[in-house]
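Enquirer:
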Amino acid sequence: MTGIIITIFVTILSPFIQLITSTIITPEYFPNVIEYSINQGLMTEEDAKNAFNLKSYTIQATIGAFIMGVITSIIVAFFTKKKL
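Going by our numbering, the first residue of the sequence shown is number 121, and it counts up by one from there.
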């Protein structure tokens, strides 16, 4: 149960952490990765702009935090379960 509570807390914080990371810590990340993807021929400009933006990363971070938290909680619960 504690793992799920921590997961919910981390999931709620994820969008704010992504915002801080993308705007304060590495504000040039999205323009740089878009330019790199286009120059390397990995994506078109439109695809790169759709993939590398704050909204996309916020959604990925939030969903990822929730899924990884649930998986981690299940694994830890399995190994720490009490025998009755």
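Beta carbons: idealized from backbone N, C-alpha and C, even for Gly. Given the structure is predicted, the values throughout are model-derived calculations rather than measurements.
Apart from the five residues just before and just after asparagine 173, which ones in its own chain have a Cβ nearer than 8 Å to its Cβ?
Expert: Closer than 8 Å at Cβ, skipping near neighbours: Phe150.
Enquirer: Residues in the same chain with beta-carbon distance under 8 Å from phenylalanine 142, minus the five sequence neighbours each way, listed in chain order, please.
Expert: Here residue 142 is serine; the residue named in the question, phenylalanine, does not match the sequence. Excluding residues within five positions, the ones whose Cβ falls inside 8 Å are Tyr149, Phe150, Leu174, Tyr177.
Enquirer: Does the Cβ-Cβ distance between threonine 192 and proline 135 come in under 9 Å?
Expert: With respect to proline 135, threonine 192 sits apart: the two C-beta atoms are not nearer than 9 Å.
Enquirer: Please go through the same chain and pick out, in chain order, the residues whose beta-carbon is closer than 8 Å to the beta-carbon of threonine 146, but skip the five residues on each side of it.
Expert: none
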